[in-house]
Amino acid sequence: RVILASNRGTVMELGITPIVTSGLVMQLLAGSKIIEVDNSVREDRALLNGAQKLLGILIAVGEAVAYVLSGMYGSVSQLGVGNAILIIVQLCFAGIIVICLDELLQKGYGLGSGISLFIATNICESIIWKAFSPTTINSGRGAEFEGAVIALFHLLITRTDKVRALREAFYRQNLPNVTNLLATVLIFLIVIYFQGFRVVLPVRSKNARGQQGSYPIKLFYTSNMPIILQSALVSNLYFISQLLYRRYSGNFLVNLLGKWKESEYSGQSVPVGGLAYYVTAPSSLADVAANPFHALFYIVFMLSACALFSKTWIEVSGSSARDVAKQLKVMLDEICSLSSYRSCHNFSMFTIHLC
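So the sequence shown is residues 1 to 355, counted in UniProt numbering.
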């Protein structure tokens, strides 16, 4: 939910899933040549963007109807037809607003892309809330603060055994703890560090002597797209699995796809078995120790899915090493030359850099 900017029980229930899913479908259709799209033609690009937005709206409507009819917010008989229709309208309207905001950002009215901005905003909100939330939750050991930092100071002040208080603050279960917060900060710093890795090729102008530029090639030049696509895949799996489990919980194939139960503290549905459980990250180090196969399966699935999506994305989006080399070759033949190579027509080393 965090990656897809989705919040349970709010108008952002669907998050950016309709946008990402429609974009993935249209890119796959264009990349597999099922639909012919010439990105150099403005009309084709506009038509593709329009079709993508229309598909996103249809997906939002379909998911909103499926959420309500499946009993995600209670049975329709208990909600009433009027309330059910109102929920569907709210979810659809929120999905359309997200699509419109994404279009505004694509046209330059903001910073970055809409998808990345929605994800960043949701992640920042989640981190701040889980670190400093003043909400108290009764977990069976008395009332505890939800925020990891506030809980740390509260335990240190109220407990006489400071070592035990620190251990509980760092490793408590079912609620955010300091270890999770520190791990998040560490991963954030590592990603920022590697995101700055790039190979810079110097470019010199043929027409204007002395003018020199550079062509940077990022190490992660697919950026965050693979993890977004992987999250969209898992989100759709969760969506289908929950819909089926609510109606056919006794079916063997449905249980093989995923078993679900309501969380004792958050009230959200969490996977406890089947494929949906194994593609979900372990919630703590204790879960990893208790079920190492789950952790191993998740790591292998995550890396394999992201690698596959990364390879597929660069091929269907026209950003593979060969495509970029061809684009740069055309540009160099017109105005530039690579100052680090004798021949502008020898792109074997350049392709190696891109790969």
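We put the CB at the ideal spot given by N, CA and C, even for glycine.
A distance of 7 Å or more separates the beta carbons of T158 and F145. With respect to the C-alpha of V272, the residue from I192, L256 and N138 having the closest C-alpha is L256.
The DSSP-derived three-state label of I217 is strand.
The DSSP-derived three-state label of N224 is coil.
Straight-line measurement puts the Cα of V25 at about 47 Å from the Cα of A143. For A143, the three-state secondary structure derived from DSSP is strand. Take the alpha-carbon of I87 and the one of A232: they are about 23 Å apart.
Using a Cβ distance threshold of 7 Å, S214 and V200 count as a contacting pair. Residues of the same chain with a CB within less than 7 Å of the CB of C92, apart from the 5 flanking positions on each side, are A60, V61 and A64 in chain order. About 5 Å separates the CB atoms of A84 and V68; that is less than 8 Å, so the two are in contact. The Cβ atoms of K53 and I99 lie closer than 7 Å to each other. Listed in chain order, the alpha helix (DSSP H) elements of length 4 or more contained wholly in the region 235-317 are 252-257, 274-278, 285-290 and 292-316. In the displayed model, I137 falls within a strand according to three-state DSSP.
Contact annotation: Q195 and C306 have beta-carbon atoms that are not nearer than 7 Å. Residue I299 holds the alpha-carbon nearest to the alpha-carbon of V279 among A290, Q268, I299 and L308. The criterion of a C-beta distance shorter than 7 Å is satisfied by S310 and P226. In this structure, G95 and I57 form a Cβ contact; the two beta carbons are roughly 7 Å apart against a cut-off of 8 Å.
For L285, the CB contacts under 8 Å within the same chain, skipping 5 residues up- and downstream, are Y171 and T179 in chain order.
Ranked by how close their Cα comes to the Cα of R247, the residues M12, I34, M72 and A30 have M72 in first place. Residue pairing by DSSP places M72 opposite G74 in a beta bridge.
Between the alpha carbons of M302 and L237 lies a gap of roughly 14 Å. Assigned with DSSP and collapsed to three states, L201 falls in strand. Annotated three-state conformation of N177 is coil, per DSSP.
In this structure S126 does not touch N174 by the C-beta definition: roughly 16 Å separates them, more than the 8 Å allowed.
Its chain contains no residue whose beta carbon lies nearer than 8 Å to that of R167 once the 5 sequence neighbours on both sides are disregarded.
Going by C-alpha positions, R198 is about 4 Å away from K218. Rounded to the nearest angstrom, the gap between the Cα atoms of T17 and V163 is 44 Å.
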